[in-house]
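Undergrad: Structure in structure tokens, see below.
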Amino acid sequence: MKILAIDTATEVCSVAILEDKNIVLEKTLDAVNTHSVALMPLIKDVLFETNLTLNDIDLFACDKGPRFFYWN
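If you read the sequence shown in my numbering, its first letter stands for residue 686, the second for the next number, and so on.
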């Protein structure tokens with residue numbers, strides 16, 4: 686199972702691709718108050734670098750954090 690995991694709950698914006706329980710690729714960006722700008726390019730980068738498309742993803746996982754993404 687391929688998982689696209691997204692974390693925007695803190696000052697660090699993170700996107701990762703996991704296959705079952707193994708991390709295939711993770712990218713993080715210390716982007717205070719710019720998550721809304723940085724998130725989509727990070728997703729595009731990890732998909733490109735793993736040679737995957739959104740159609741290859743079986744599960745999307747994200748956190749419900751304290752604020753950083755939706756306060757921008």
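For each residue, glycine too, the CB sits at the ideal point set by N, CA and C.
Could you have a look at residue 740 and say whether DSSP puts it in helix, strand or coil?
TA: Helix at residue 740.
Undergrad: For residue 716 and residue 709, I'd like the C-alpha separation in whole angstroms.
TA: So the alpha carbons of these two residues sit roughly 22 Å apart.
Undergrad: The alpha helix (DSSP H) with residue 723 in it runs from where to where?
TA: Counting along the chain, the alpha helix (DSSP H) containing residue 723 begins and ends at 720-734.
Undergrad: Residue 695 by DSSP, collapsed to three states: which one?
TA: Of the three classes helix, strand and coil, the one that applies to residue 695 here is coil, per DSSP.
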